[in-house]
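To keep things clear, I will list the structure first and then write my remarks on it.
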Amino acid sequence: MITLNTQIENRGILTSIEFAGLPCKVRRVFMLSVNDVRYSRGGHAHKVCWQILVSLDSEVKVDTQNSFSTDFFVLKRGFSLVIPPLNWLTIQFTEAHSSLLVLASHPYDPGDYIYDKDILFQENKSE
Numbered sequence: 004m005i006t007l008n009t010q011i012e013n014r015g016i017l018t019s020i021e022f023a024g025l026p027c028k029v030r031r032v033f034m035l036s037v038n039d040v041r042y043s044r045g046g047h048a049h050k051v052c053w054q055i056l057v058s059l060d061s062e063v064k065v066d067t068q069n070s071f072s073t074d075f076f077v078l079k080r081g082f083s084l085v086i087p088p089l090n091w092l093t094i095q096f097t098e099a100h101s102s103l104l105v106l107a108s109h110p111y112d113p114g115d116y117i118y119d120k121d122i123l124f125q126e127n128k129s130e
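In my numbering, the protein residues as written are 4 to 130.
Right, here's the structure in full:
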């Protein structure tokens, strides 16, 4: 988890991300949103891409799993979560019409995705 610089005042809330302090170079930015909380996002891992998740409004529940551990995070405004490669990721929004900003270390590449959790864990155990 990375704590973001957040200023709260009468006019509103300003949260900034200093790219120099991130564990990877950001080459792509995208947003996820959900209309219905019954649906989750993620359900995959990346071979080389790092991701940094930033909740823009409500809480977001994030499960990560790799060959060594399973972790659960509740991501709130003002915090970001770093997801290194080879981590299976499941994202569950807690409120409809919520948004998540994702900073990625690589441009979109369909070949970077791993959609089979068993293959992910077999490959990592053999290394």
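Note that beta-carbon positions come from the ideal geometry of N, C-alpha and C, so glycine has one too.
L92 and G24 closer than 8 Å at C-beta = no
Could you give the residue range of the beta strand (DSSP E) that holds F33?
-> 31-37
Selected residue, minimal CA-CA separation from V105, among R41, V63, E12 = V63
Is L78 closer than 8 Å to S58 when the C-beta atoms are compared?
-> yes
Member of F76, L123, N38 whose CA lies at the smallest distance from the CA of E98 = N38
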